[in-house]
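In the numbering used here, the protein residues as written are 856 to 934.
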């Protein structure tokens, strides 16, 4: 899990995301679940990463990292 998360982090650190369209252009499987939350699939959809994004400040807050099964037990828009 460490390697896919590190790869995502390295991409995100250098990304300039001004809108959800910017994310979708690179991460086609990203899901937007409301409340500025984005869900990324990692390692062939085995893991999920939920982040909150403040586009106007270019800040990304990691809210959840877990297996797909663990993700099914949370409300990604509220976590």
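Where a beta carbon is used, it is the ideal one built from N, C-alpha and C, also for glycine.
Task: Run of the beta strand (DSSP E) containing residue 903, from where it starts to where it stops - done: Looking at the DSSP string, the run of the beta strand (DSSP E) that includes residue 903 is 902-909.
Task: Reduced DSSP secondary structure (H/G/I, E/B, other) of residue 928 - done: DSSP places residue 928 in coil when its eight states are reduced to three.
Open item on the list: If you reduce the DSSP assignment to three classes, tell me which class residue 857 lands in.
Closed with: Looking at residue 857 - three-state DSSP - the assignment turns out to be helix.
Task: Through-space distance from residue 872 to residue 878, alpha-carbon basis - done: Rounded to the nearest angstrom, the two C-alpha atoms are 6 Å apart.
Open item on the list: Excluding the 5 residues flanking residue 888 on each side, which residues of the same chain have their C-beta closer than 7 Å to its C-beta?
Closed with: So the list reads 894, 931, 932, once near-sequence residues are dropped.
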